[in-house]
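Trainee: Using our numbering, you'd call the opening residue of the sequence shown number 90 and step up by one each time.
Backbone N, C-alpha and C fix where the C-beta goes; we use that ideal spot for every residue, glycine too.
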Amino acid sequence: MNYKYHPTIDGFYGDFGGAYVPEMLHSNVAKLRDVYEQIMDEPEFKKEFDELLRDYVGRPSPLYLAKKLSASHGCNIYLKREDLNHTGAHKINNTIGQILLAKRLNKKRIIAETGAGQHGVATATVCALMGLECIVYMGAVDIKRQAPNVARMRMLGATVVPAESGSKTLKDATNEAIRDWINNAEDTHYIIGSAIGPHPYPDMVTKFQSVISEEIQSQLQEKTGKDHPDYVVACVGGGSNAAGAFYHFLHDDRVQLILAEAAGKGIDSGESAATSILGTKGIIHGCMTLLMQTDDGQIVEPYSLSAGLDYPGIGPMHAHLITSGRAKVHAATDDEAMNAVISLSKDEGIIPALETAHALAILERIDFNKNDNVVICLSGRGDKDLNTFIDYIGQN
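1. Just the Cα atoms here: how many angstroms apart are D261 and G255?
2. Considering N165, what are the terminal residues of the alpha helix (DSSP H) in which it resides?
3. From the DSSP output, read off the bridge partner residues of P151.
4. Is the segment 205 to 212 in contact with the segment 181 to 191, if contact means three or more CB pairs nearer than 8 Å?
5. Going by beta-carbon coordinates alone, are G471 and S413 separated by less than 9 Å?
6. Could you give the residue range of the alpha helix (DSSP H) that holds Q127?
7. For M293, which three-state DSSP category applies?
8. Distance check for G328 and S468, CA to CA, integer angstroms please.
9. Restricting to runs no shorter than 3 residues, where is the beta strand (DSSP E) found entirely within the segment 162 to 242?
10. Please name the residue or residues paired with M377 in a DSSP beta bridge.
11. Grab me the residues of C164's own chain with a C-beta within less than 7 Å of its C-beta, minus the 5 sequence neighbours each way, in chain order.
12. Specify the secondary structure class of V146 as computed by DSSP and reduced to three states.
13. Count the other CB atoms, across all protein chains shown, that sit within 10 Å of the CB of S116; report buried if there are 16 or more and exposed otherwise.
14. Measure the C-alpha to C-alpha separation of A421 and K120 and round it to an integer number of angstroms.
15. Does the Cβ-Cβ distance between N34 and G286 come in under 9 Å?
16. Quick check on A426: does DSSP put it in helix, strand or coil?
17. Mind checking whether C216 and L245 have CB atoms under 9 Å apart?
18. Helix, strand or coil: which one does DSSP assign to Y279?
19. With I411 as the anchor, note down where its beta strand (DSSP E) starts and where it stops.
20. Go through its chain and collect everything with a Cβ distance to D474's Cβ below 7 Å, but skip five positions before and after it.
21. Report yes if the CB atom of A332 is closer than 9 Å to the CB atom of M406, and no otherwise.
22. Taking the straight line between their C-alpha atoms, what separation do you get for L152 and A178?
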């Protein structure tokens, strides 16, 4: 089989990926890559990782047949319930893996970036578990709109540092985290939360999140007699939940892969984060990918009501999947995503994160057959977005 959707030895997915880092980080990234490649084949590492996912995170997460949602779209829609993980999202899968890696690198200080706050909470959680210092960079705008997660991070012992530059959102938090990493490379490990960044991060985050698609295979086999769905649908900013949900189906042509981006106030409104539609090839945060930029290469500020999708780039694997035609992408507006939150809450008794709601919102654009099995990665729960929900409902 031609594994053309996996990275090359240099970390490229087709034209996208690589490791574009300052000279001061070269040795750090090289050592990280070497240790990562080594431990992924170690039975001891896999055993510790699997045990923590089972006993600490609470995996496997359920695969739930949403009957009312299925009826409304004329197919069988299953929700992969990552919202039921410890900390309330898929992010904990990756932070468990990376904190075990940091221990093997003998790093005593952990930094992270976060937008919606779920990766920050997951990082703070594993740092508390392992007794390591934790610094989380978060855009000042996101600190206000994701206040519950900021409180959780601080309760877990993390220091939350506001990013006050640019749009004061995820892009700017990532910039600050990279500056910190450059200045403290000797004792610091940077836990990147999305399937983006210099190689090996996109591959590493994807592999740690691939437990999602691995479980989907076995759970569907049990429920339907088939080990693959007809569709997998996931929201994408940097794209860690989508990477994990897609991984075991990347080379299975029976499975259609669907990505949902944030159109914000409209793709052509000037206030959007629909990167794959509006973006062009360029370098951001250590990798070549699709990003929103001006003709002279300046980053265009993204916009989305969803803090986790408010990013001007996309993971290099996803850029390759889209440009090669393996995955299709749709963009949902703020209003469409909010309507999807309200619908799932009232119909299924599940309040999804605003990020996940974008995946729910684009279902009506797909022509499903009645026997299709569709899996949606319900990447997180909506507790963190309650203030946003309350404000939106009050204004509408």
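Mentor: Per the coordinate set shown:
1. 6 Å
2. It is not in any alpha helix (DSSP H) - N165 instead sits in the beta strand (DSSP E) that spans N165 to R170.
3. In the DSSP assignment, P151 forms no beta bridge with any residue.
4. yes
5. no
6. E112 to I128
7. helix
8. About 11 Å.
9. When DSSP assignments are scanned along the segment 162 to 242, the uninterrupted stretches of beta strand (DSSP E) that are 3 or more residues long and fall wholly within it turn out to be 165 to 170, 198 to 203 and 222 to 228.
10. DSSP, once it has assigned bridges, lists G106 and I372 as partnering M377.
11. The beta carbon of C164 lies closer than 7 Å to those of F457, N458, K459, D461 and V463 in the same chain, with the five residues before and after it left out.
12. helix
13. exposed
14. 40 Å
15. Since the first residue shown for the chain is 90 and the last is 485, residue 34 is missing from the structure and cannot be characterised.
16. helix
17. Yes, the Cβ-Cβ distance between C216 and L245 is below 9 Å.
18. strand
19. Taken as a continuous stretch (DSSP letters only), I411 belongs to no beta strand (DSSP E), being part of the alpha helix (DSSP H) at P405 to T412.
20. A442 and L443
21. yes
22. 14 Å
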